[in-house]
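There are 2 protein chains.
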Amino acid sequence: MLYLFMEDTEIPKLAPSDLCLDKPAVDMSSAEKFLERSMALILEEAVKRATNRSEKVCEWVSPQQLQQLLQLDLGDTGESEEELLQRCRDVIKYSVKTVHPRFFNQLFAGMEPYSMAASFIIEALKPSIYTYEVAPVFTLMEKVVLKKMIEVIGWEDGDGIFNAGGSLSNMYAINLARFHHCPDIKELGMSGSPRMVLFTSQDCHYSIAKAAAFLGIGTKNVYTVPCDERGKMIPSRLEELILKAKKEGAQPLMVNATAGTTVLGAFDPIEEIAYICEKYRLWLHVDACWGGAAILSKKHKHLVQGIHRANSVAWNPHKMMMVCLQCCAFVVRDQKHLLQRCYSSNARYLFQQDKFYDVSFDSGDKSIQCGRKPDAFKIWLLWKALGSSQLEQRVERALAMAQYLTQQMKARQGFRLLMEPEYANVCFWYVPPSLRNVPDGPEFWNKLHKVAPVIKERMMKRGSLMIGYQSHGDKANFFRMIIISPQVTTEDMDFVLDEIHSLGQDL
Amino acid sequence: MLYLFMEDTEIPKLAPSDLCLDKPAVDMSSAEKFLERSMALILEEAVKRATNRSEKVCEWVSPQQLQQLLQLDLGDTGESEEELLQRCRDVIKYSVKTVHPRFFNQLFAGMEPYSMAASFIIEALKPSIYTYEVAPVFTLMEKVVLKKMIEVIGWEDGDGIFNAGGSLSNMYAINLARFHHCPDIKELGMSGSPRMVLFTSQDCHYSIAKAAAFLGIGTKNVYTVPCDERGKMIPSRLEELILKAKKEGAQPLMVNATAGTTVLGAFDPIEEIAYICEKYRLWLHVDACWGGAAILSKKHKHLVQGIHRANSVAWNPHKMMMVCLQCCAFVVRDQKHLLQRCYSSNARYLFQQDKFYDVSFDSGDKSIQCGRKPDAFKIWLLWKALGSSQLEQRVERALAMAQYLTQQMKARQGFRLLMEPEYANVCFWYVPPSLRNVPDGPEFWNKLHKVAPVIKERMMKRGSLMIGYQSHGDKANFFRMIIISPQVTTEDMDFVLDEIHSLGQDL
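Here it is in structure tokens:
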């Protein structure tokens, strides 16, 4: 027993000597000092040094070696502040510098100070956005940002939510489409329901298949529509598949059009797909996680022409708009609380209806998450800092830089483009001198297939740059270079080409 | 056209004068300066001031007023650095200080500097944890932390993943149980499958029902098992419901046992539930998001006795262990790659099999997310800082503090406990003097039901503390006070009681 028995009104006496309850068990001033020192370290190592061209993009160590080096095991006793700061230093040292101007490996890149400051504030404040009560500022901000995105897309009004990733946004869309067509499934499940079919292009993001598995729809009920040679969905083939599904007695549910595919950066023809969706009354979702930013540019918004005819859109400002990870919006054209009706569970401990303020501001019941981070703040602060006009310029500059790079490739020997890019994905092969005179054919492609992995290994070990590679359809391994950051210059582009040549010329 | 036509080998000339490509379009030194200034601001306002007892927990402003005050709209032109910093200051000012020692409103609280420093590092480095290639350190760390949690739970080995929230972890469990019983559903979906039934207590977290809706199982196929008066699942009633489902021809799938319910902090009797699950061959998932930390304390681990018999466990270090939001582990006892087989989609652009390192380290194909934050780093650094022994003390201190508070309540007039707490949830009514002589009965409870919302409104407007209230089953609105942080002292407990009395004595 912790406490002595006592009279009804007597103040109890505390017992356990090792648990001092009448004083804080942490020293706040040393906590603040630790934070101060770690902030200085972050600024020096994870910001200044990590973005410095004369430093490495990555410090490659094999998993086995790194395990030994970092001594990660967790034990009974704590470590000193000095040891902990050294650990932070090591974490930064051996982490990949995705903010480095020569990181072109993913659909995100670059150091963006405004969203980063917002991120830090979020981490310090520890908010969770489900009720206005606990997250007043962020609740309003999310609404404003969603409204802005809805306006930019071209809808009169709508609804939405920020999610922990574009994959989740795509899941939201599929579940919402299902609820829209068959609201009973929310309560009854799918076991008695007809087979439902989703349509998406063969080049779409893998999250569509993951979602189909997760939601109980089944990956085989994702009908993949063939693409043209540029990676765009062929609308006539979509219509054929819809008719096929109907003939099979299945229920066509939703079409996912991709605005900016992951590998080729292709844009499905939304306008044509919208006609087909309207004809067959299918939900049209646009996965614009990557390509959504095109809409900010008057010059490039034709890429997403027809997006206003979609029922829902996923758009990740953490990609082309450079917001710190993660920042992923899911917006819906519906104005009749479909999102709320689909996702609500009315938890009484959180969404009390007898609160003293207007509870329609509590956004948490639209989400499949309970605790949720206020990611909208990051894009909000960046948008406030730059305004739409500079955001537009950023997109245009990135795409112009991709054009510059392709022109350079054409001008050099040994680089071969898969296609002219229309977005910020530049896909290309590096053909080493030994293969330049081998005629196109199985031997050439088999050999070329092995080139990119070796160059990738070498660039990682040298730490000079990072670019992803992959095979795609029947295409042998090629590089996919992604250009986003305004830090990047033509000199970096020239460097990339020189460096790849230097890394691969002996192959 | 951006570029002039050119000969094959000629270097192209850049055109658009407004998009300068040969120099960075951002000034890195001013970016760094902005970050430096915002960090100083965060330390001052969001750390020091936000944790200061003489400052308010919240600065209540109604949604309508706050909208006007903050001028949130997004426009065409950017703002100055000064304006942006002022905005950051306002964001902090009007946000709830969840790190304040008098915030007892959610299942998270307090300022924890080590996980906070780790959070800042994550935000600065912008990592995404799916491949070892892009997140080497964090990939290894996640493995180590999961292994430690698996060891603490008492399994020989296992697997796991960190997720964006405990709700998602519970979804992972249900989908995994489904895959375990019927692997075909991943491909074929549920439309041809038998009706599947989940079992969980009536007091479980609402994410179980959300998951059932989302996964296509249906909320009506969640059979809720009655609880005893302490909020613990009654095992005999569980068995009855399993037999009922079988009689109906449905397929019982999984039992969710809650270790630490959201409102009452109750622990379902895992050992007894495990026997039933073994008897009927059902997947046993333990939602220990809140109560998992009990396992760290020799004194309190009896609360989760039998947890080693579970097939999967959800455990959120961001709750009782105070890690910055979010930090949510999902661990699985299976050692035969069930998680991988259930979730994999083998995206070729990310999980290339011809990489130069051991690709079994790439963890991303176990996840429903694509990009994923390395949340394990936050608990890792905290664990390194404190060691298991101090983590144990923290849990024991929080629970001792809850005991202190309940003793104080017994010693005062006007406070009435729902029950003796066995964890860190202290659930109680404040009975204002006007009701103290009203006999127990409908009139008393109807009047008491209205008390907590008014006191809550007043405490928000005064900004002196934050505690949640709710009704629960047939219980009238009561306060649920959550005690976590080692900053909190007996004086804070006394303050809470004085303050509630001061806010509610006239009611």
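Just so you know, the protein sequences line up as chains Y and D, in that order. Using our numbering, the letters of the first sequence correspond one by one to residues 72 to 578. Using our numbering, the letters of the second sequence correspond one by one to residues 72 to 578. Just so you know, even glycine gets a beta-carbon here, dropped at the ideal spot from N, CA and C. Because the structure is a prediction, the values reported are computed rather than measured.
Subject >> Cutoff 8 Å: residue 275 of chain Y Cβ touching any chain D Cβ >> reply: no
Original post:
Do residue 172 of chain Y and residue 479 of chain Y have their C-beta atoms closer together than 8 Å?
Top reply: no
Original post:
If the cut is a Cβ gap below 7 Å, which residues of chain Y does residue 454 of chain D touch?
Top reply: 145
Original post:
Using the beta-carbon of each residue, which ones in chain D are nearer than 8 Å to residue 504 of chain Y?
Top reply: Within chain D, no residue comes near residue 504 of chain Y; the closest Cβ sits about 16 Å away, beyond 8 Å.
Original post:
Ordered along the chain, which non-local residues of its own chain (more than five positions away) have a Cβ less than 7 Å from that of residue 79 of chain D?
Top reply: For residue 79 of chain D, the pLDDT reaches just 42, beneath the cut-off of 50, and the residue's location in the model is therefore unreliable, although a value from the coordinates is still provided. Cβ neighbours of residue 79 of chain D beyond the five flanking positions: none.
Subject >> Any chain Y beta carbon closer than 8 Å to residue 299 of chain D >> reply: no
**OP:** Could you check if residue 148 of chain D is buried or exposed, using at least 16 other CB atoms within 10 Å of its CB as the buried criterion?
**Re:** exposed
Subject >> Cβ pair residue 466 of chain Y, residue 368 of chain Y closer than 8 Å >> reply: yes
**OP:** Taking C-beta pairs closer than 7 Å, name the residues in chain Y that residue 284 of chain D reaches, listed in chain order.
**Re:** 257
Original post:
So, helix, strand or coil for residue 172 of chain Y, using DSSP?
Top reply: coil
Subject >> Residue-level contact to chain D via CB, residue 566 of chain Y, 8 Å cutoff >> reply: no
Original post:
Just how far apart, CA to CA, sit residue 452 of chain D and residue 363 of chain D?
Top reply: 19 Å
Original post:
With a CB to CB cut of under 6 Å and the five nearest residues on each side skipped, what residues in its chain are close to residue 116 of chain Y?
Top reply: 163
Subject >> Stretch pair the stretch 206 to 225 of chain D + the stretch 413 to 427 of chain D: three plus CB contacts closer than 8 Å >> reply: no
Original post:
With distances taken between CB atoms, is the gap from residue 473 of chain D to residue 497 of chain D smaller than 8 Å?
Top reply: yes
Original post:
Can you give the beta carbon distance from residue 229 of chain Y to residue 402 of chain Y, rounded, assuming they're within the 8 Å contact cut?
Top reply: 6 Å
Original post:
Mind checking if residue 441 of chain D is an interface residue toward chain Y, Cβ cutoff 8 Å exclusive?
Top reply: yes
Original post:
Buried or exposed: where does residue 435 of chain Y fall if 16 or more other Cβ atoms within 10 Å of its Cβ makes it buried?
Top reply: buried
Original post:
Name the chain A residues that come within less than 9 Å of residue 155 of chain Y, Cβ to Cβ?
Top reply: Absent from the structure is chain A; the protein chains it does hold are Y and D.
Original post:
In chain Y, what lies closer than 9 Å to residue 472 of chain D by C-beta?
Top reply: 90 and 92
Subject >> the stretch 389 to 399 of chain D in contact with the stretch 253 to 264 of chain D per 3-pair CB rule at 8 Å >> reply: no
Original post:
Is any beta-carbon of chain Y found at less than 8 Å from that of residue 367 of chain D?
Top reply: no
Original post:
Would residue 548 of chain Y be called buried (16 or more neighbouring beta carbons within 10 Å of its own) or exposed?
Top reply: buried
Subject >> Segment contact, 8 Å Cβ cut-off, at least three pairs: the stretch 127 to 143 of chain Y with the stretch 102 to 119 of chain Y >> reply: no
**OP:** Output yes if chain D places a C-beta closer than 8 Å to the C-beta of residue 351 of chain Y; else output no.
**Re:** no
Original post:
Can you list the beta strand (DSSP E) stretches of 3 or more residues lying completely in the stretch 388 to 449 of chain Y, in chain order?
Top reply: 399 to 403
**OP:** Could you give the DSSP three-state label for residue 580 of chain Y: helix, strand or coil?
**Re:** In the structure displayed, chain Y extends from 72 to 578; residue 580 of chain Y sits before or after that span and is not available.
**OP:** Identify whether residue 375 of chain D lies in helix, strand or coil by the three-state DSSP scheme.
**Re:** helix
Original post:
Which one of Y:218, Y:195, Y:442 and Y:175 has the shortest CA to CA distance from residue 567 of chain Y?
Top reply: Y:175
Original post:
So, residue 379 of chain D versus residue 232 of chain D, is the Cβ gap smaller than 8 Å?
Top reply: no
**OP:** Would you mind stating whether residue 323 of chain D and residue 330 of chain D have Cβ atoms separated by less than 8 Å?
**Re:** no
Subject >> Own chain residues within Cβ distance below 7 Å of residue 76 of chain Y, not counting five before or after >> reply: Note that residue 76 of chain Y scores 37 on pLDDT, short of 50, meaning its location in the model is unreliable; the coordinates nonetheless yield the value given after this. The answer is none, since no qualifying residue turns up.
Original post:
Taking just the CA atoms, how far does residue 198 of chain D sit from residue 415 of chain D?
Top reply: 21 Å
**OP:** Measuring only between beta-carbons, confirm whether residue 468 of chain Y sits less than 8 Å from chain D.
**Re:** yes
Original post:
Are at least three pairs of beta-carbons, each pair with one atom in the stretch 292 to 304 of chain Y and one in the stretch 300 to 316 of chain D, less than 8 Å apart?
Top reply: no
**OP:** Taking only the alpha-carbon atoms, compute the straight-line gap between residue 274 of chain Y and residue 410 of chain Y and give it to the nearest angstrom.
**Re:** 28 Å
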